[in-house]
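First comes the structure, then the notes that go with it.
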Amino acid sequence: MLEFYDFIIYALLASYISKLFFPIQSAITSLLIAFSAYAVGYLARPFGGIIFGHFGDKYGRKKTFTISILIMALSTFLIGILPTYSSIGIMAPILLVLCRIAQGISVGGEIPGTITYVGEAVPEKRGFMTAVIFGFLILGVTIGFIVESLLLEFFTSQSMLTYGWRIPFILGGLFVLVAYYLRRQLIDIKEFNPFVNEEFSLPITKILLTHRWGLR
């Protein structure tokens, strides 16, 4: 839930982010560049799935869960405190894009990893629990819209541009840190533990070498 909240809040506040990090004379061009930075997060998601999927198989789901959500918390919080273009120049959009990449990698590992973990933990209720997971993802998006609506209700446009846009990112980062603590209480699936110490080659290389035609 929190992962999708953190991911969607950028899109909802893109009009402010574009002015602060991509200050181009054309407002439309500035907004398009801001959404391009948003799209970078989506492009990074498959790499997150590959990386965290591999290490989840090798070292266990708990370790990858805690790392992926920590990356999400830090990258989201950093967006909330980043200096703008007027303060540090070109480094501002560069750091913003790097944070978006980190968010994308985190989300890319989160969703498949969560579904896999639930499938291993309660195989008899796999379908229902998977539906619950996607329900919470939608809830995260809904919370993002609610937070944005509240900000627009209680803050002026100038206040939003000055500091208001930062609030959802800072809050999101702090809430995800709470989720990080809860993740640390998870236990790895007993049936999975015997396989943790086995040697695994990187599966993506085998797929590309032996099933490349199926990927077309």
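Under the working numbering, the first residue of the sequence shown carries the number 3, and numbering increases by one thereafter. Glycine is no exception: its CB is placed at the ideal position from the N, C-alpha and C atoms.
Residue i classed as buried or exposed, judged by whether at least 16 other C-beta atoms fall within 10 angstroms
{"i": "E126", "result": "exposed"}
{"i": "V109", "result": "buried"}
{"i": "P196", "result": "Note that P196 scores a pLDDT of 45, beneath 50, so its modelled location is shaky; the value from the coordinates is reported in the next line. Under this definition P196 is an exposed residue."}
{"i": "A133", "result": "exposed"}
{"i": "V149", "result": "buried"}
{"i": "Y119", "result": "buried"}
{"i": "I73", "result": "buried"}
{"i": "S161", "result": "exposed"}
Distance, residue j Cα to residue i Cα
{"i": "L15", "j": "W167", "result": "7 Å"}
{"i": "Y40", "j": "Y7", "result": "14 Å"}
{"i": "S32", "j": "A181", "result": "34 Å"}
{"i": "R185", "j": "I26", "result": "42 Å"}
{"i": "Q187", "j": "S28", "result": "49 Å"}
{"i": "L84", "j": "S151", "result": "23 Å"}
{"i": "A94", "j": "Y165", "result": "16 Å"}
{"i": "L100", "j": "G146", "result": "22 Å"}
{"i": "F157", "j": "G62", "result": "45 Å"}
{"i": "S219", "j": "M131", "result": "What the structure shows of the chain is the stretch from 3 to 218, and residue 219 is not part of that stretch, so it cannot be assessed."}
{"i": "I103", "j": "V42", "result": "6 Å"}
{"i": "F79", "j": "G174", "result": "7 Å"}
{"i": "I53", "j": "G111", "result": "7 Å"}
{"i": "I172", "j": "I11", "result": "11 Å"}
{"i": "T144", "j": "F138", "result": "10 Å"}
{"i": "I113", "j": "V178", "result": "15 Å"}
{"i": "L227", "j": "V124", "result": "As shown, the chain starts at 3 and ends at 218. That puts residue 227 outside it, with no answer to give."}
Beta-carbon contacts of residue i that lie in its chain and below 8 Å, excluding the five residues immediately before and after
{"i": "Y44", "result": "G106"}
Where residue i sits in the DSSP three-state scheme
{"i": "L15", "result": "coil"}
{"i": "I83", "result": "helix"}
{"i": "F197", "result": "Bear in mind that the predicted position of F197 carries a pLDDT of just 49, short of 50, making it unreliable; the figure below should be weighed with that in mind. Here F197 sits in helix by DSSP."}
{"i": "P25", "result": "coil"}
{"i": "V124", "result": "coil"}
{"i": "G136", "result": "Note that residue 136 corresponds to Phe in the displayed sequence, not to Gly. Here F136 sits in helix by DSSP."}
{"i": "R185", "result": "helix"}
Contact set for residue i: own chain, Cβ-Cβ below 7 Å, skip 5 residues either direction
{"i": "G121", "result": "R128"}
{"i": "L98", "result": "F23, A39, I81 and L84"}
Spatial neighbours of residue i in its chain, beta-carbon cut-off 6 Å, leaving aside the 5 residues before and after
{"i": "S20", "result": "S32, L33 and A36"}
{"i": "L163", "result": "Y18"}
Any non-hydrogen atom of the ligand ZN within 7 Å of residue i CB
{"i": "G166", "result": "As for the ligand ZN, it is missing from this structure, which has no ligand bound."}
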